[in-house]
Amino acid sequence: MKNDTQHLDFLISQYVDGCLEGTSKKSVEQKMLADPGARALYVEHRETQDLLDDWGNRIPLIHWDEFDQKLAARLEHEVVGGERASIFRRWIRPMAAAAALFVAATLGYAWHALSHTPGETPERSVARASTERPHAVVEYPEAAGGNHPSHAGVVVEEAGAQLGTVAGGRALHTTIDRPADEEAAQSLRENVAYGLQNVADKSNLANTLPSAVAVGELTTRPASDDKSNDAAFPQ
Amino acid sequence: MSQRLPTDSQAQAAQEQAALASQELGLVLAAKAGDRVAFGKLAQQYQRQCAAVALRLLGNTHDAAELVQDALVKAYKNLDQLQQSDRFGSWLMRIVTNLALSLEQPAADSDEGEDLRATIASGILDAPEKPLTSAELGSAIQRAIDGLPEKQRLALVMFAIEKMPQKDVAEILSCSVEAVKWHVFMARKQLRKSLGTYM
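Those sequence lines, one after another, are chains S and D. Note that the numbering used here numbers the first sequence so that position 129 is 1391, with each residue one more than the last. Note that the numbering used here numbers the second sequence so that position 41 is 744, with each residue one more than the last.
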């Protein structure tokens, strides 16, 4: 009996919601016509729903123009910002590597400038690759400034692993030694070349030479004098 | 002849609905490809309904507007996760309701929330000594709705108040249409019990 009443109650609820059609709808209407209890159930649902409809007619007082502008700004800031961040992450490592190599090249040149004895005749020579291990030899005529035998150079490391060595043997050449791979060697070459070519005031390099620098995961440190390196720099 | 008019009218309505759905699908696909203008049009299409539902769930306009903003940004960021591109509206509304429920979770878990539920369940809300103002009645309804079980509340708000199609509500609630009808039925019964003294 209780189940029957609850079922009728449920049907009347659907009737109020307009969810009944055809025979189901007619059946409920006939029941309400004949049964005061069914009519009472209908009134309960109808009153409650009317209350909800009245309450639901409150429209949120939102300034939609401002809302749209704010949303556009947020999408621009958060989504485009995210894309920018993604691009930044994608390019930061190579850019950091380039920056580090530029610094390394600067260091190499500056170190050479420090050890240069004024008055000596500049000479141009190009280091030749050692037969003992691979070398990339780069010539920088615009960096000419002396011929003094230089230091062992600068070691470029990435995450603690040696990527290569930038060594200034003479003013006119820089040898990149022990590249981790050919791609790294090429990158090193290009960036060292860029670095040396873009040093505007080479005479000041000595004054700004730090003992080591770090950019991103790349670090540089002065290499200790190494006879095997010197072999690459014929005097 | 008398049978024919409604049929034509229904066919025309179906055609219009199909055209709108097709237009919306185009916007969703464009938005998925990164077109923010297309997404803006989608947002404008749904934001009012989202705000209305959020308002019924949160109880104040400012929070509702903020929530809809968050939901739209979240939707745009996660458009690639929308597998059925023709179900954008339901998907967005699910984000709105999930955010609303997550926002109110601490209160619902608190003793105060339990007390309110118990008060409403027992139907012992204080009877008004004078006629209620609209704001007072609104507040009483809001509290009564807040005290409903989650699915009953969502079904009531989306179907019985915001008049969303039962099919869409079922999709948002991940249940059957029959279950939506049942949730609405139970919710209305409970509201009647809770608000009986106001009616």
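All residues carry an ideal CB built from backbone N, CA and C; glycine is no exception. Treat the numbers as computed from the prediction; the structure is a model and nothing was measured.
So residue i packs on residue j, CB below 8 Å; how close in whole Å?
i: L678 of chain D; j: A838 of chain D; result: No answer is possible for residue 678 of chain D: it lies beyond the span of chain D, which begins at 704 and ends at 902.
i: L1333 of chain S; j: Q748 of chain D; result: Rounded, the Cβ-Cβ distance is 13 Å, inconsistent with contact.
i: D758 of chain D; j: P1322 of chain S; result: A small fix is needed here, since residue 758 of chain D is Leu in this sequence, not Asp. That belief holds up - the Cβ atoms of L758 of chain D and P1322 of chain S are roughly 5 Å apart, short of 8 Å.
i: V776 of chain D; j: R1320 of chain S; result: Contact flag wrong, Cβ pair sits at about 26 Å.
In its own chain, which residues sit with a C-beta less than 6 Å from the C-beta of residue i, not counting the 5 before and 5 after it?
i: F791 of chain D; result: V731
i: T1393 of chain S; result: Any reading at T1393 of chain S needs caution, since the residue's pLDDT is 35, under 50, leaving its predicted position unreliable; the model's value is listed next. If we look at T1393 of chain S and ignore the five residues flanking it on each side, it has no Cβ neighbours.
i: L785 of chain D; result: W794
i: E832 of chain D; result: Note that E832 of chain D has pLDDT 45, beneath the 50 cutoff, so the model's placement of it is unreliable and the number below is only indicative. Excluding sequence neighbours, E832 of chain D sits near nothing in its chain.
i: A755 of chain D; result: E865
i: G1276 of chain S; result: One point to set straight first is that residue 1276 of chain S is Gln, not Gly, in the sequence displayed. Here the set comprises L1282.
i: L1314 of chain S; result: none
i: E719 of chain D; result: none
i: Q855 of chain D; result: H886, M889 and A890
Out of the options, state which residue places its alpha-carbon closest to the alpha-carbon of residue i.
i: D1312 of chain S; options: S:G1284, S:V1278, S:I1274 and S:A1360; result: S:V1278
i: F862 of chain D; options: D:M796, D:E719, D:T764 and D:Q726; result: D:M796
i: R846 of chain D; options: D:K896, D:I798, D:H886 and D:Y779; result: D:K896
i: Y779 of chain D; options: D:P868, D:N763, D:R891 and D:V740; result: D:V740
i: A1300 of chain S; options: S:L1337, S:I1274 and S:R1320; result: S:I1274
i: F1329 of chain S; options: D:G743, D:Q786 and D:E719; result: D:G743
i: Q1331 of chain S; options: D:A746, D:K854, D:Q715 and D:A714; result: D:A746
i: D738 of chain D; options: S:A1296, S:S1286, S:Q1276 and S:E1338; result: S:E1338
i: I798 of chain D; options: D:T710, D:D711 and D:Q750; result: D:Q750
Sorted by chain position, which residues of the same chain lie with C-beta nearer than 8 Å to residue i's C-beta, five sequence neighbours on each side aside?
i: A873 of chain D; result: S879, V880, A882 and V883
i: L761 of chain D; result: A767, L770, A803, L806 and E807
i: A717 of chain D; result: none
i: Q869 of chain D; result: F862, V880, V883 and K884
i: V1305 of chain S; result: none
With distances taken between CB atoms, is the gap from residue i to residue j smaller than 8 Å?
i: A722 of chain D; j: L782 of chain D; result: no
i: S793 of chain D; j: D871 of chain D; result: yes
i: L894 of chain D; j: T1310 of chain S; result: yes
i: V887 of chain D; j: L859 of chain D; result: yes
i: I864 of chain D; j: G1318 of chain S; result: yes
i: L1303 of chain S; j: L1282 of chain S; result: no
i: L851 of chain D; j: Y901 of chain D; result: no
i: T800 of chain D; j: I848 of chain D; result: no
i: R891 of chain D; j: H1325 of chain S; result: no
Going along the chain, which residues of its own chain have a beta-carbon closer than 7 Å to the beta-carbon of residue i, five neighbours each way excluded?
i: Q752 of chain D; result: E865
i: M867 of chain D; result: M861
i: Q715 of chain D; result: none
i: T764 of chain D; result: L758
i: A774 of chain D; result: C753, L795, I798, V799 and L802
i: E853 of chain D; result: L804
>> Would the stretch 1288–1308 of chain S count as touching the stretch 716–731 of chain D if we require 3 or more Cβ pairs under 8 Å?
In response: no
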